[in-house]
Amino acid sequence: MGPRKSNFAVTTILTDCMAVFLPIAILVFAMMVWRLHNSPVEEGSLGKWQNAINVFATLFPILFASIMGRLMSESARWKLENGSTVGALEQLMGSRTVGSTVSTLFQLRAVNILGISLLIVWAFSPLGAQALLRTLTSRLDTEFESTSVVYFDNRSPSWYATMRFREILNIGPVGPAFASHIGSLYTNLIAATTAAKLDTMDIWGNVRIPFMDPNATVDWHDLPSDTSELHYSSLAGVPLRHPTSANKTFTIESNYMQLECKSIRVHLSKGLLSRMDSDALITTDNYTTYHTAEFPNGTWYGYSPMNRTETGVSTTWGIAVDRLVGSYWNISSDGYRLPDRFDPTLFRSPSMFLNETGIEASPANLLLQVRFPPRARTPEYLTEFTCGVSQRYVESRVRCSHTTSMTSGKHNCSVISQRPSQKKHAPESNSYLSLPHTFNHVSRELPLATGRDMEGVVSRKWLSLIRSTIAPSHALTPEVS
Numbered sequence: 013m014g015p016r017k018s019n020f021a022v023t024t025i026l027t028d029c030m031a032v033f034l035p036i037a038i039l040v041f042a043m044m045v046w047r048l049h050n051s052p053v054e055e056g057s058l059g060k061w062q063n064a065i066n067v068f069a070t071l072f073p074i075l076f077a078s079i080m081g082r083l084m085s086e087s088a089r090w091k092l093e094n095g096s097t098v099g100a101l102e103q104l105m106g107s108r109t110v111g112s113t114v115s116t117l118f119q120l121r122a123v124n125i126l127g128i129s130l131l132i133v134w135a136f137s138p139l140g141a142q143a144l145l146r147t148l149t150s151r152l153d154t155e156f157e158s159t160s161v162v163y164f165d166n167r168s169p170s171w172y173a174t175m176r177f178r179e180i181l182n183i184g185p186v187g188p189a190f191a192s193h194i195g196s197l198y199t200n201l202i203a204a205t206t207a208a209k210l211d212t213m214d215i216w217g218n219v220r221i222p223f224m225d226p227n228a229t230v231d232w233h234d235l236p237s238d239t240s241e242l243h244y245s246s247l248a249g250v251p252l253r254h255p256t257s258a259n260k261t262f263t264i265e266s267n268y269m270q271l272e273c274k275s276i277r278v279h280l281s282k283g284l285l286s287r288m289d290s291d292a293l294i295t296t297d298n299y300t301t302y303h304t305a306e307f308p309n310g311t312w313y314g315y316s317p318m319n320r321t322e323t324g325v326s327t328t329w330g331i332a333v334d335r336l337v338g339s340y341w342n343i344s345s346d347g348y349r350l351p352d353r354f355d356p357t358l359f360r361s362p363s364m365f366l367n368e369t370g371i372e373a374s375p376a377n378l379l380l381q382v383r384f385p386p387r388a389r390t391p392e393y394l395t396e397f398t399c400g401v402s403q404r405y406v407e408s409r410v411r412c413s414h415t416t417s418m419t420s421g422k423h424n425c426s427v428i429s430q431r432p433s434q435k436k437h438a439p440e441s442n443s444y445l446s447l448p449h450t451f452n453h454v455s456r457e458l459p460l461a462t463g464r465d466m467e468g469v470v471s472r473k474w475l476s477l478i479r480s481t482i483a484p485s486h487a488l489t490p491e492v493s
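For what it's worth, the working numbering labels the leading residue of the sequence shown as 13, then goes sequentially.
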């Protein structure tokens, strides 16, 4: 018998090297993944790491089986050389895979320490793969940073207040286009779907401001998350301009007109009543001089829906007010308030009373006349609503959310809490409807926006819908005459 020869086959060397270096590579990769803990990561790089983890999780059971299978064979040979039982050798040779380990335990009925140890060792094959798949996860952390938000200040002067009367009367080149533009905006708002009218944003993506409780304290008051419980101050919202790539929370200042309706009257008489002076707001020279420089309180000023002498047509509804800003507050070019130099275009915003003190003025009343045409068995009648008008100033906390599922540039904004404005403002009794020049154009053009004569039923239906949604505690009983 000759001497024993050593076997240094190339395949054996490569196998031994792989059995050493591949586990080391997995350990190094696991340490690299561990170093990513709590580090910011971009979506692209996160995908690369997850792909690498999937590859290693797939290779791990194969690598584990090759190493452990070879270990079982070498262990059986070592025991054979040093002396062992046949049962132990059969257990080792029959445990070179996960499945063969389980089947060998049942076949040999060898419930012993060696069998349990082999089962525990082979359990690391699926557990190791699952552990690799769970080594890296991501979460969204809130990061706070300052940003710039620009919003429309609705305390600014009305555009109507900057225009001369002749432009609104279609005499100048600006008038027709301007009136048509305002009419289109108004029609789009009241003709929108119910879902759009209940949404936190208007049809153009502007955030809408809800009514605030008139008895609210100076503290912040959270609003209900259910939008159906909110009543918004306007169908149109406040335009915002801000980055749409993240969630934002900010506050904005705004104001709205609050109406407190006091009475409803229904006139069934054949001769309809008109308590509006159709010519009270008409300028005599089509420029600046009004029919009267002083507006006595208690007299309704507006355009009657029955007899509009300035247009020659009738409408289905009209509005009027009984209190307007007098000429005393007109500041002439030399700095003195002179009634004989009355220019109502200078009355552009209630903010003109911001620094005035000692003013005691009651809120103006708004008169709304809605005309209903005769039907087969129903005569023509007129419904009148009388409501007090006040200008409310609120501070609203707005939250704008952005998700990756949204199209680029899209966002969803809503008011989440409100409180009375902490800034200095004009008295709430002075509203935009108290400005003669502004109210003149609004009361003239608004009823004509959706149609003339008896065709303007869109506004009337919208007004009927508003009335039907009034809470029972705020409902009024009509007076029939």
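Beta carbons are placed, not taken as given, at the ideal position from N, Cα and C, and that holds for glycine.
Computed from a predicted model, the values in this text were never measured in an experiment.
Contiguous beta strand (DSSP E) assignments of at least 3 residues, all confined to the segment 365 to 409:
377 to 384
Anticipated Cβ contact below 8 Å, S443 with M269, distance rounded
5 Å between Cβ atoms; contact.
Outcome for G314 when other beta-carbon atoms lying within 10 angstroms are tallied against a minimum of 16:
By the neighbour-count rule (16 or more Cβ atoms within 10 Å), G314 is buried.
Could you tell me which of A461, D234, A438, S433 sits nearest to S426, measuring between CA atoms?
Closest option to S426, Cα to Cα, is D234.
Extent of the continuous beta strand (DSSP E) run through A332:
329 to 333
Tell me whether the segment 209 to 220 and the segment 234 to 249 touch, counting them as touching only if at least three CB pairs, one residue from each stretch, are closer than 8 Å.
yes
Report the residue ranges of all alpha helix (DSSP H) runs contained in full by the segment 192 to 265; include only those spanning at least 4 residues, in chain order.
206 to 210
Please state whether the Cβ-Cβ distance between V401 and L445 is less than 8 Å.
yes
From which residue to which residue does the alpha helix (DSSP H) around V53 run?
From DSSP, V53 is part of no alpha helix (DSSP H); its letter is neither H nor E.
Helix, strand or coil at V470 according to DSSP, with G and I counted as helix
In the structure shown, V470 sits in a helix (DSSP, three-state: H, G or I).
Rounding to the nearest angstrom, what Cα-Cα distance links H193 and N66 in this structure?
59 Å
E372: which of G195, V337, T395 sits nearest, CA to CA?
V337
My understanding is that R409 touches T261, with C-beta atoms under 8 Å, so please give their C-beta distance in whole angstroms.
7 Å
On the DSSP bridge list, what partners appear for G81?
Answer is none; G81 lacks a bridge partner.
Supposed contact pair S137 and A88 - C-beta distance, whole angstroms, cut 8 Å
Actually they are not in contact, since the Cβ atoms of A88 and S137 sit about 19 Å apart, beyond 8 Å.
Using 8 Å as the threshold, is the C-beta distance between D211 and T239 below it?
Against a cut-off of 8 Å, the Cβ pair of T239 and D211 comes out as a contact.
Short check: CB of Y163 to CB of I264, under 8 Å?
yes
Can you confirm whether the segment 382 to 392 touches the segment 451 to 459 when touching is taken to mean that 3 or more C-beta pairs between the two stretches lie within less than 8 Å?
no
Buried or exposed for L26, going by 16 or more other Cβ atoms inside 10 Å?
exposed
Looking only at DSSP bridge pairs, what is E272 linked to?
G400
Does H49 pass the burial test, meaning 16 or more other C-beta atoms within 10 Å, or should it be called exposed?
Per the 10 Å Cβ criterion, exposed.
So what does C412 bridge to, in DSSP terms?
In DSSP, C412 forms a bridge with K260, C425.
Rounded separation between S168 and S361 - CA only
7 Å
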